[in-house]
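I have placed the structure first, in the form of structure tokens, so that the comments after it can refer back to it.
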Ligand SMILES: C[S@@+](CC[C@H](N)C(=O)[O-])C[C@H]1O[C@@H](n2cnc3c(N)ncnc32)[C@H](O)[C@@H]1O
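In the working numbering, the protein residues as written are 512 to 857.
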């Protein structure tokens, strides 16, 4: 770990962490600790800080961690199978995923659940010495293989053991965030997507994907054979957890149509629209007046009368009704009351 690239924050409190090295080699911290202002310590071993929160994982997250710690040795021997079964060239497919990030040599990139680095290598190849690549995974064993694989790349790379639901990175830092193959088992997908948006700059590109068979394949022989082997194909694309900040969202089914890749650009807050644009026509008003100006309704006869009166006035229904209600309310309230509180919240 390079101290100059210590951008880490506490995954619990988001306070900045100070680095206290014990052993260094060629300017890199091999062992030591990161410490927050309350004195909470995160150990650094083999140049990799362990920034896991919560400290004791439970349920699906614990099972996932144990599983990947257990298969790290053989992961690279079998990872290619999912692509080969689908007649897909893994390298080409992964290069296509990475292309969607629109990387520049100087981009700051975060990859979550990087595993043994099968995409990380490709991402690193798109970045130059002025770029930054932060790689994280919940499994130290997977990450150690990734570190080995990325030895000698020109972009500065940092590795951290971290839970994708509690990221140890500062707000608004990355130009691009990538994750493939882990999302479905993150435990709290909504939380991890919120975290991705938090650490990404406005305008950053996010690309994430995992298994998800579309419903039209469930009852095919193709679908049944794949589902029999891997129940994760039954996981739905987490549309309901895509953050409101997501803009230009696109989704595609890839690798035989049983994995998805979702991409979006990070925006600010909810999308904006001109809800005060006057809408021409007999109904009139604006989208805002139609939403906020809803009254309790009137009897059908009153409605028919109002329509005739509106027609006679030549106004839109909005302008006629707004005028009539305003005048009636003013005369009911009198001058003193009009000047006071005008909304009792009902
Ligand atoms: C199927 S592997 C994918 C690895 C790599 N991205 C690839 O495409 O080969 C899933 C990875 O997700 C990681 N993972 C699972 N849950 C995680 C979590 N909550 N936070 C971070 N990483 C997680 C696992 O440790 C594992 O390395």
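Don't be surprised by glycine CBs; every beta carbon is placed ideally from N, CA and C. Keep in mind the model is a prediction, meaning the values are calculated, not measured.
CB-CB length for residue i against residue j, believed under 8 Å
i           : j           : result
residue 700 : residue 597 : About 24 Å; that fails the 8 Å criterion.
residue 684 : residue 705 : Actually they do not touch by this definition, with Cβ atoms about 15 Å apart.
residue 660 : residue 632 : 6 Å
residue 755 : residue 780 : 7 Å
residue 696 : residue 707 : At roughly 16 Å, the Cβ-Cβ gap does not stay under 8 Å, so residue 696 and residue 707 are not in contact.
residue 757 : residue 744 : Not really, about 24 Å apart at Cβ, beyond 8 Å.
residue 691 : residue 608 : 6 Å
residue 653 : residue 771 : That pair is no contact at about 22 Å.
residue 666 : residue 638 : 4 Å
residue 794 : residue 827 : 6 Å
residue 715 : residue 668 : Rounded, the Cβ-Cβ distance is 19 Å, inconsistent with contact.
residue 693 : residue 747 : No, residue 693 and residue 747 are not in contact; Cβ-Cβ is about 16 Å, not under 8 Å.
residue 678 : residue 710 : 5 Å
residue 612 : residue 687 : 4 Å
residue 720 : residue 773 : 7 Å
residue 689 : residue 630 : 7 Å
residue 576 : residue 650 : 6 Å
residue 769 : residue 730 : Rounded, the Cβ-Cβ distance is 14 Å, inconsistent with contact.
residue 796 : residue 829 : 3 Å
residue 539 : residue 517 : Not really, about 12 Å apart at Cβ, beyond 8 Å.
residue 831 : residue 821 : 4 Å
residue 657 : residue 626 : 7 Å
beta-carbon residue i near ligand 1 non-hydrogen atom, thresh 7 Å
i           : result
residue 567 : no
residue 579 : yes
residue 650 : yes
residue 720 : no
residue 630 : yes
residue 591 : no
residue 640 : no
residue 572 : yes
residue 635 : no
residue 674 : yes
residue 696 : yes
residue 797 : no
residue 623 : yes
residue 692 : yes
residue 714 : no
residue 653 : yes
residue 626 : yes
residue 813 : no
residue 731 : no
residue 862 : With the chain covering 512 to 857 only, the question about residue 862 has no answer from this structure.
Near ligand 3: residue i beta-carbon under 7 Å from a heavy atom
i           : result
residue 599 : With respect to small molecules bound, the structure shown includes ligand 1 and not ligand 3.
I'd like to know if the region 659-672 and the region 556-576 are in contact, where contact means that at least 3 CB-CB pairs between them fall below 8 Å. Yes, since at least three Cβ pairs between the region 659-672 and the region 556-576 fall closer than 8 Å, the two stretches touch.
Could you say if the region 784-793 and the region 804-811 meet the contact criterion of at least three C-beta pairs nearer than 8 Å? no
List in chain order: all unbroken beta strand (DSSP E) runs of 3+ residues lying wholly within the region 632-708. 643-648, 668-672 and 685-691
Take every Cβ of the region 627-646, pair it with every Cβ of the region 548-559, and state whether three or more of those distances are shorter than 8 Å. Taking one beta carbon from each stretch, the region 627-646 and the region 548-559 have fewer than 3 pairs nearer than 8 Å; the two do not touch.
Uninterrupted beta strand (DSSP E) stretches inside the region 710-770 (no shorter than 3 residues): 711-722 and 757-765
Counting pairs of Cβ atoms below 8 Å between the region 530-544 and the region 569-586, do you hit three or more? no
Ordered list of beta strand (DSSP E) runs contained in the region 760-842, each at least 3 residues: 770-777
Report the residue ranges of all beta strand (DSSP E) runs contained in full by the region 580-631; include only those spanning at least 3 residues, in chain order. Listed in chain order, the beta strand (DSSP E) runs fully inside the region 580-631 are 619-623, counting runs of at least 3 residues.
Let me know the beta strand (DSSP E) ranges lying completely inside the region 527-557, each 3 residues or longer, listed in chain order. 529-536, 539-546 and 552-556
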